[in-house]
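Just below is one structure, and these are the notes that go with it.
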Amino acid sequence: MSLDKDMVRRIAHLARIRVADDELEPVARDLERILGFVEQLNAVDTEGVEPMTSAVAMTLRQRPDVVTDGDRREEVLANAPDRAGAFFAVPTVVE
Amino acid sequence: MTATDLTRLGIAEALDGLARGAFSARELATAHLEAMAAARNLNAYITETPEQALAMADASDARRAKGEALPLDGIPVAVKDLFCTKGVLTTAGSRILENFVPPYESTVTAKLWAAGAVMLVKTNMDEFAMGSSNLTSYYGPVVSPWRAKDDPRPRVPGGSSGGSAAAVAAAIAMGSLGTDTGGSIRQPASFSGIVGLKPTYGRCSRWGAVAFASSLDQAGPFARSVRDAALLLRAIAGFDPQDSTSVDCPVPDYAAGLDGDVRGLRIGVPAEYRPAELPEDIAALWDQGIAWLRDAGAEIVDISLPHTTCALPAYYIIAPAEASSNLARYDGVRYGLRVPADELTEMYEATRGAGFGAEVRRRVLIGTYVLSAGYYDAYYNKARRVRALIARDFAQAFQRVDAILTPTAPSDAFPLDAPTDDPIRMYLNDVFTVPASMAGLPGISVPAGLSRAGLPLGLQVLGRPFDEPTVLQVAQALERAAGFDPLGALAPALAPAK
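Sequence order for the protein chains is A and B.
Numbering-wise (my numbering), the first sequence opens with residue 7 and increments by one.
Numbering-wise (my numbering), the second sequence opens with residue 98 and increments by one.
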């Protein structure tokens, strides 16, 4: 498994994490090591094995479709880095 | 009783003392707050909460005076900074949450307070619980109270729940809360010479605990005895409709039936946990543990868990995949750090680039990669198939045995300045704890002896889903036979300086 700097740049953009240009190379080496380590799974025979979806045997419980909480605008906004009135504020998305 | 005496009590003893009126909850809290202030050099804390502690202690004394004492009334505890605590800074050890004050309380901490426990401190931890050393915390490493015999270098307490482990080992708290995703309770318990219990997945609610890998994360207690861990588990376990994977089954009185009687129990010893490179002192301690249980009347059964070595690589696909999804919420919009930028995507990238440390970034990138188009099946689905095989190994073993005994970790506590340039080397710390996490099983680490270097070593007991009672029973048999002093780290301080 080899990763080049462009691939790291692409993954970092997908993950919305800025990685400085001079870090692309060391990050690529780290990721290669990890991918190299996990590749030993290719040797495991998983023919006919269903992917495990739950850590304990259970079917996902459904809850009644009712309102159980709400009317907490100030609490919801209390940690906002920036707000405008009753809204979270972000840089302009549409001019 | 002196303040030092009070901090060295176990939970069960302290409850007796409170009930007899030998001391008050306020005296108990004050003694622990003093111990906490005196041990700041361990860097085990992110936020100290002395005012809450005293207010909660006073409320506890008032309840007791009215004859309305609760199961853990007046017991001072520490809480990993991964649990949301209403009105108290909750950082997950990350810069990206350095200013986050939750407007709500996690279910397990709410249950602790409802049982009368007293909050002393939010403890330091590896960032987002990703680490086995506490070296990845934005708030700096935690220092273990333990030192090796002939080596003065500071040691790690293990991780990720390192602050919670160090606090209990240093007699700052009587018990504490941690979380375990791949070993983050059991491994620091082993390194720190205390008891650490990871309950069955679904036993304790995940609601209000900052998510790392949702199919693996589980809250659990640290304590200085198996009985105390049982008391804490009873308080935090139970069904929570707010966690969709919480399991609705009765919570036993774990401490009531606890007598360490293992006669007739079948204990499995898996061959795969004895790789050629296992250090001799750890292998010897494991053999000793086997002998202790045999002497106590258990039947020892050799078993095989053939997919053991696949667990760690599968974990390092599944856990980062889930983390990359869970950590997508840290975008600088609704809470936490924001690094301003002119454009929205730039703001996300700048915020997350600055807010996440190197290990978190690494895992989010790996997770993003293995979930991306074209790789999903080869990595993520492959890992989930392997996970099914790991779970099947355990299910088959538990048809023949009642519990499984292994070492907790492949080493003792390493120095703070150990090389960390190779991520895989660090990941290997969890080689014995990850398999049970993948299968959702309960596990406990019991301090059983000292390494050649004079540092604590734990033994791990694994059980069937929701069979914490048997796990605790076996753990208590080991505890009794080992006679380990969980406050051993403090012993040198009592001896005259040489």
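We put the beta carbon where it would ideally sit given N, CA and C, even for glycine.
Let's test the definition: count the other Cβ atoms within 10 Å of the Cβ of residue i and tell me whether it reaches 16, buried, or not, exposed.
i         : result
Leu-66/A  : exposed
Phe-495/B : buried
Leu-177/B : This sequence places Lys at residue 177/B; Leu is not what is there. Label assigned to Lys-177/B: buried.
Lys-208/B : buried
Gly-361/B : exposed
Ala-590/B : Caution is warranted here: a pLDDT of 48 is assigned to Ala-590/B, below 50, making its placement in the model unreliable, and no coordinate value can be reported.
Gly-184/B : exposed
Arg-89/A  : exposed
Thr-442/B : exposed
Pro-70/A  : exposed
Ala-180/B : Residue 180/B is actually Phe in this sequence, not Ala. So Phe-180/B ends up on the buried side.
Pro-372/B : exposed
Just to confirm, is the Cβ distance from residue i to residue j under 9 Å?
i         : j         : result
Glu-565/B : Leu-330/B : yes
Val-436/B : Ala-425/B : no
Ala-416/B : Gly-107/B : no
Thr-342/B : Gly-299/B : yes
Ala-421/B : Arg-482/B : For clarity, residue 421/B is Ser in the given sequence; the question names Ala instead. Result no, Cβ atoms of Ser-421/B and Arg-482/B do not sit closer than 9 Å.
Asp-490/B : His-404/B : yes
Gly-260/B : Asn-231/B : yes
Leu-194/B : Tyr-412/B : no
Ala-266/B : Thr-104/B : no
Cys-301/B : Gly-335/B : yes
Ala-166/B : Met-216/B : no
Pro-504/B : Gly-555/B : yes
Ala-262/B : Phe-288/B : yes
Ile-414/B : Ala-480/B : yes
Trp-304/B : Gly-585/B : no
Ile-172/B : Gly-272/B : yes
Ala-48/B  : Asn-423/B : Since the first and last residues shown for chain B are 98 and 595, residue 48/B lies out of range.
Glu-38/A  : Leu-83/A  : no
Let me know the secondary structure DSSP gives residue i once reduced to three states.
i         : result
Arg-250/B : coil
Ala-592/B : Residue placement at Ala-592/B is flagged as unreliable, the pLDDT there being 40, under the threshold of 50; the coordinate-derived value follows with that caveat. Coil, per DSSP.
Pro-376/B : coil
Arg-324/B : helix
Ala-545/B : strand
Leu-66/A  : coil
Glu-81/A  : helix
Leu-486/B : helix
Arg-93/A  : The sequence as given places Phe at residue 93/A; Arg does not occur at that position. Three-state result, Phe-93/A: strand.
Phe-597/B : Examination of residue 597/B is not possible in this model, given that chain B is present from 98 through 595 alone.
Thr-342/B : coil
Asp-527/B : helix
Phe-180/B : strand
Thr-144/B : strand
Lys-219/B : strand
Gln-557/B : strand
Ser-273/B : strand
Arg-22/A  : coil
Ala-306/B : strand
Lys-163/B : coil
Arg-460/B : helix
Pro-349/B : coil
Ala-262/B : helix
Arg-363/B : strand
Glu-396/B : strand
Thr-204/B : helix
Leu-151/B : helix
Can residue i be considered in contact with the ligand HEM, in the sense that its beta carbon sits closer than 8 Å to one or more heavy atoms?
i         : result
Leu-151/B : Inclusion of the ligand HEM in the displayed structure is not the case, the ligand content being empty and no account of it being possible.
Let me check understanding here. Comparing Cα to Cα, which of the options lies closest to residue i?
i         : options                                    : result
Gly-537/B : Val-366/B, Tyr-477/B, Phe-563/B            : Phe-563/B
Ala-152/B : Ala-136/B, Ala-122/B, Glu-419/B, Ala-134/B : Ala-122/B
Asp-337/B : Leu-402/B, Thr-206/B, Pro-249/B            : Thr-206/B
Asp-519/B : Val-33/A, Val-14/A, Glu-80/A               : Val-33/A
Ala-515/B : Val-253/B, Ala-116/B, Asn-196/B, Asp-527/B : Val-253/B
Glu-80/A  : Tyr-432/B, Leu-513/B, Asp-499/B            : Tyr-432/B
Pro-249/B : Ser-229/B, Phe-511/B, Leu-179/B, Gln-573/B : Phe-511/B
Ala-578/B : Asp-102/B, Phe-180/B, Ile-387/B            : Ile-387/B
Asp-527/B : Gln-570/B, Ala-485/B, Leu-409/B, Leu-502/B : Leu-409/B
Leu-547/B : Asp-155/B, Lys-246/B, Ser-322/B            : Lys-246/B
Glu-396/B : Arg-363/B, Thr-187/B, Thr-297/B, Pro-553/B : Arg-363/B
Pro-367/B : Glu-110/B, Glu-145/B, Gln-557/B            : Gln-557/B
Val-14/A  : Asp-582/B, Asp-509/B, Ser-469/B            : Ser-469/B
Cβ contact check for the region 455 to 470 of chain B and the region 12 to 26 of chain A: 3 or more pairs under 8 Å = yes
Inter-stretch contact (C-beta, 8 Å, three-pair minimum) for the region 338 to 358 of chain B and the region 228 to 241 of chain B = At 8 Å Cβ cutoff, the stretches do not touch.
request  = Please confirm if the region 114 to 130 of chain B is in contact with the region 160 to 168 of chain B, defined as three or more CB-CB distances below 8 Å between the two stretches.
outcome  = yes
task = Please confirm if the region 533 to 551 of chain B is in contact with the region 285 to 296 of chain B, defined as three or more CB-CB distances below 8 Å between the two stretches.
result = The region 533 to 551 of chain B, when compared against the region 285 to 296 of chain B, does touch it at the 8 Å Cβ threshold.
message = Across the region 386 to 401 of chain B and the region 55 to 65 of chain A, are there enough close Cβ pairs to call them in contact, namely three or more that are closer than 8 Å?
response = no
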